[in-house]
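Going left to right, the sequence shown walks through residues 146 to 220 as our numbering numbers them. The beta carbon of each residue, even a glycine, is placed where N, CA and C say it ideally should be. A quick note: this is a predicted structure, and the numbers were derived from the prediction, not measured. First comes the structure, then the notes that go with it.
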Amino acid sequence: MQIHADLSQRVVVYSEELPWVDSPMAGVQRRILERDGEEVARATSLVRYETGSSFSAHTHGGGEEFLVLDGIFSD
Numbered sequence: 146m147q148i149h150a151d152l153s154q155r156v157v158v159y160s161e162e163l164p165w166v167d168s169p170m171a172g173v174q175r176r177i178l179e180r181d182g183e184e185v186a187r188a189t190s191l192v193r194y195e196t197g198s199s200f201s202a203h204t205h206g207g208g209e210e211f212l213v214l215d216g217i218f219s220d
């Protein structure tokens, strides 16, 4: 899957207009801003977790950043 994957191009994304998409894990939804690859990919997403939900262990070779706006996140 490729969404805004050409990083040499400027892109403006209005995230509030994007749908929340269910992830493979119950209780986890994403708004995909940028992606190059399938489930394990270079990706930029807004993610929301329902209370008590989790995502199975996995890696992102290019790194991963988190900004928690509400609640507690453990990695």
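Assigned secondary structure, S160 (DSSP; H/G/I helix, E/B strand, else coil) = Within the sequence shown, residue 160 is the residue found at index 15, counting from 1. S160: helix per DSSP, three-state reduction.
When DSSP labels each residue in this structure, what does L178 get in the three-state scheme?
-> Within the sequence shown, residue 178 is the residue found at index 33, counting from 1. Looking at L178 - three-state DSSP - the assignment turns out to be strand.
Helix, strand or coil for D167, going by three-state DSSP, please let me know.
-> Mapped onto the sequence shown, residue 167 falls at position 22. Strand.
Can you name, in chain order, every residue of its own chain whose Cβ lies under 7 angstroms from the Cβ of H203, other than the five neighbours on each side?
-> To locate residue 203, count along the sequence shown from 1; it is residue 58. Correct list, in chain order: V185.
Is the beta carbon of R175 less than 7 angstroms from the beta carbon of M146?
-> If you number the sequence shown from 1, residue 175 lands on position 30. If you number the sequence shown from 1, residue 146 lands on position 1. Taking 7 angstroms as the Cβ cut-off, R175 and M146 do not qualify as a contacting pair.
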